[in-house]
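Trainee:
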Amino acid sequence: MVFGLTAKKLISYDLEKSSENLRENFDAFLEGLLSVPVAIPGTAYYKCLQGRKKVMRVLKNMLEERKVKPNKVKNDFFDHVLEELKQDDTVLTEEIALDLMFVLLFTSFETAAMAILVAVKLLTDNPRALKELTEEHEKILKERANPEDGLTWEEYKSMTFTFQVINETVRMANIVPAIFRKALTDIKIKDYTIPSGWVVMVSLPSVHLDPDNYKDPLNFNPWRWEGMGTKGSSKNFMGFGGGQRFCVGADFARLQMAVFLHCLVTRYRWQPIKGGETLRTPGLQFPNGFHVKFFKKDSKSG
Ligand SMILES: *[C@@H]1O[C@H](CO)[C@@H](O)[C@H](O)[C@H]1NC(C)=O
């Protein structure tokens with residue numbers, strides 16, 4: 005669902021009408037992203053390279069098509085990028101533009117979709133949290149003047165418990181297991197020196213699952229974020245990275261999750277059917293998926 009939405013906004017991609025399955029190529033790309041770099045047919049790394057190559061070909065064709073026959077009305081983000089390409093003083097080249105589209109397509113769906121999946125799984129296992137979340141959203145519906153109206157910004161800002169659920173989900177999911185930084189000068193930390201030029205791998209789970217930072221770290225406990233104060237500082241919570249290269253999509257991801265949860269808990273109940281086991285390779289995966297059965301809630305009860 006998330007891919008369908010973002011791919012449409014970014015490049016007007018329609019899964020039903022397209023001959024190339026972009027989603028599959030991105031899956032292959034993701035599976036080999038952190039793998040042993042052996043590029044022979046059959047390896048995850050090889051599939052990763054192929055996945056990227058195929059997506060880049062689709063994007064390149066799209067670019068050529070639009071150059072010959074530009075869209076009169078700007079439909080999607082790609083149109084705006086192409087417009088920028090035409091400017092004299094632009095820093096963009098075709099190569100950078102294509103890379104940008106690739107990265108945007110990739111980052112805007114995979115991590116958000118995974119976070120939503122983890123949230124649903126954790127809520128399924130924690131009925132008390134699900135109950136409080138549902139109450140928060142039913143209250144929003146109840147206080148809305150016209151029930152047919154969509155979600156508003158004020159309503160979004162009022163979702164206190166939802167944001168706690170989202171932080172707790174991101175903390176436990178560790179969807180991005182590590183981030184990399186390069187030391188630009190010699191850096192002294194306690195008795196150690198990280199020499200200039202070295203690459204540092206920051207292991208996020210060791211921060212997020214450290215009992216000194218989070219009591220009973222393996223417990224899904226959204227309430228722990230209540231009055232977290234400085235404990236929830238960027239030093240102890242790096243689900244969206246940190247510093248100058250903090251995830252530019254952090255707020256977009258939170259928004260997607262909150263809107264999804266709002267619709268989910270106000271309209272549906274669900275029952276787990278099978279799957280739900282997780283695996284780290286080292287990215288988070290659900291090898292058997294997570295299958296649930298949805299039931300529409302009686303519309304009068306919200
Ligand atoms: C979630 O984490 C962010 C980043 O550390 C923090 O600014 C925010 O206050 C947290 N939200 C809640 C509800 O605690």
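Going by my numbering, the sequence shown opens with residue 5, and the numbers climb by one from there. Backbone N, C-alpha and C define an ideal beta-carbon position, used for all residues, glycine too. Here the structure is a predicted model, which is why all the values come from computation and not from measurement.
#1: What ranges does the beta strand (DSSP E) occupy inside the region 128-192, keeping only unbroken runs of at least 3 residues that lie completely in it?
#2: Under a three-way DSSP split, which group does I44 fall into?
#3: So if DSSP puts P276 in a beta bridge, which residue, or which two residues, is it bridged to?
#4: Classify P215 as buried or exposed, calling it buried when 16 or more other Cβ atoms lie within 10 Å of its own Cβ.
#5: Alpha carbon to alpha carbon, how far is G246 from A187? Give it in angstroms, no decimals.
#6: Does the beta-carbon of P291 have 16 or more other beta-carbons within 10 angstroms, so that it is buried, or is it exposed?
#7: Can you give me the C-alpha to C-alpha distance between E114 and L37, rounded to a whole angstrom?
#8: Is the separation between the beta-carbon of P181 and that of P45 shorter than 8 Å?
#9: Ligand 1 and Q248: does the residue's C-beta get closer than 7 Å to at least one heavy atom of that ligand?
#10: Residue range of the beta strand (DSSP E) that V203 falls in?
#11: Compute the beta-carbon to beta-carbon distance between K64 and L102, rounded to the nearest angstrom, for a pair I have assumed lies under 8 Å.
#12: Tell me the DSSP secondary structure of Y49 in three-state form.
#13: What is the residue span of the alpha helix (DSSP H) that T94 lies within?
#14: Give the range of the beta strand (DSSP E) segment to which T197 is assigned.
#15: Let me check understanding here. Comparing Cα to Cα, which of L288, G280, R284 lies closest to H295?
#16: Inspect the beta-carbon positions of L288 and A177 and report whether they are closer than 8 Å.
#17: Taking only the alpha-carbon atoms, compute the straight-line gap between G306 and F7 and give it to the nearest angstrom.
#18: In terms of residue numbering, what span does the alpha helix (DSSP H) encompassing Q260 cover?
#19: Out of curiosity, what's the CA-to-CA distance linking N171 and W229?
#20: If you draw a straight line from the C-alpha of D190 to the C-alpha of S200, how long is it?
#21: From A43, R56, I15, pick the residue whose C-alpha is nearest to that of N29; which is it?
#22: Alpha carbons only, please: which of P226, L121, R185 is nearest the one belonging to T282?
#23: Helix, strand or coil for G247 per DSSP?
#24: Could you tell me whether the region 47-56 touches the region 68-82, using the rule of 3 or more Cβ pairs below 8 Å?
Mentor: Per the coordinate set shown:
#1: 182-186
#2: Within the sequence shown, numbered from 1, the residue matching residue 44 stands at position 40. The answer is coil: DSSP assigns I44 none of H, G, I, E or B.
#3: Position 272 of the sequence shown, counting from 1, holds the residue named residue 276. Bridge partners of P276: V296.
#4: In the sequence shown, residue 215 corresponds to position 211, counting from 1. With fewer than 16 other Cβ atoms within 10 Å, it is exposed.
#5: Here residue 187 corresponds to residue number 183 of the sequence shown, with the count starting at 1. Here residue 246 corresponds to residue number 242 of the sequence shown, with the count starting at 1. Roughly 15 Å between the two C-alpha positions.
#6: Along the sequence shown, one-based indexing puts residue 291 at 287. Exposed is the call here.
#7: As a first step, residue 114 is located in the sequence shown; it is residue number 110 there, counting from the start. As a first step, residue 37 is located in the sequence shown; it is residue number 33 there, counting from the start. The alpha-carbon atoms of E114 and L37 are separated by roughly 13 Å.
#8: The sequence position of residue 181 within the sequence shown is 177, counting from 1. The sequence position of residue 45 within the sequence shown is 41, counting from 1. It is not a contact, given that the beta carbons lie outside the stated cut-off.
#9: As a working mapping, residue 248 is identified with position 244 in the sequence shown. Q248: no, Cβ never under 7 Å from ligand 1.
#10: The residue given as residue 203 occupies position 199 in the sequence shown. 203-207 is the span of the beta strand (DSSP E), which, as asked, contains V203.
#11: In the sequence shown, residue 64 corresponds to position 60, counting from 1. In the sequence shown, residue 102 corresponds to position 98, counting from 1. The pair is a contact, with the Cβ atoms about 6 Å apart (cut-off 8 Å).
#12: By one-based count along the sequence shown, residue 49 stands at place 45. Reduced to three states, the DSSP call for Y49 is helix.
#13: Here residue 94 refers to the residue found at position 90 when the sequence shown is read from its first residue. Segment: none, T94 is in no alpha helix (DSSP H) and carries neither H nor E.
#14: The residue given as residue 197 occupies position 193 in the sequence shown. Start and end: 196-198.
#15: Locating residue 295 in the sequence shown gives position 291, where the first residue counts as 1. Looking at the Cα atoms, G280 is the closest of the given residues.
#16: Counting from 1 along the sequence shown, the entry for residue 288 is found at position 284. Counting from 1 along the sequence shown, the entry for residue 177 is found at position 173. Their beta carbons are under 8 Å apart, which means L288 touches A177 by this criterion.
#17: The residue you call residue 306 lines up with position 302 of the sequence shown. The residue you call residue 7 lines up with position 3 of the sequence shown. Low confidence applies to G306: its pLDDT is 41, below 50, so where it sits in the model is not reliable enough to give any reading.
#18: Residue numbering aside, residue 260 sits at position 256 when the sequence shown is read from its first letter. Element bounds for Q260: 254-271.
#19: For this step, residue 171 is matched to residue 167 along the sequence shown. For this step, residue 229 is matched to residue 225 along the sequence shown. If I take the Cα positions, the gap works out to 8 Å.
#20: Counting from one through the sequence shown, the residue named residue 190 turns up at place 186. Counting from one through the sequence shown, the residue named residue 200 turns up at place 196. Those two C-alpha atoms are separated by around 4 Å.
#21: As a working note, residue 29 is residue 25 in the sequence shown. Cα-wise, what sits closest to N29 is R56.
#22: Position 278 of the sequence shown, counting from 1, holds the residue named residue 282. Closest option to T282, Cα to Cα, is L121.
#23: Sequence index remark: in the sequence shown, residue 247 carries index 243 (1-based). G247 falls in the helix class under three-state DSSP.
#24: no
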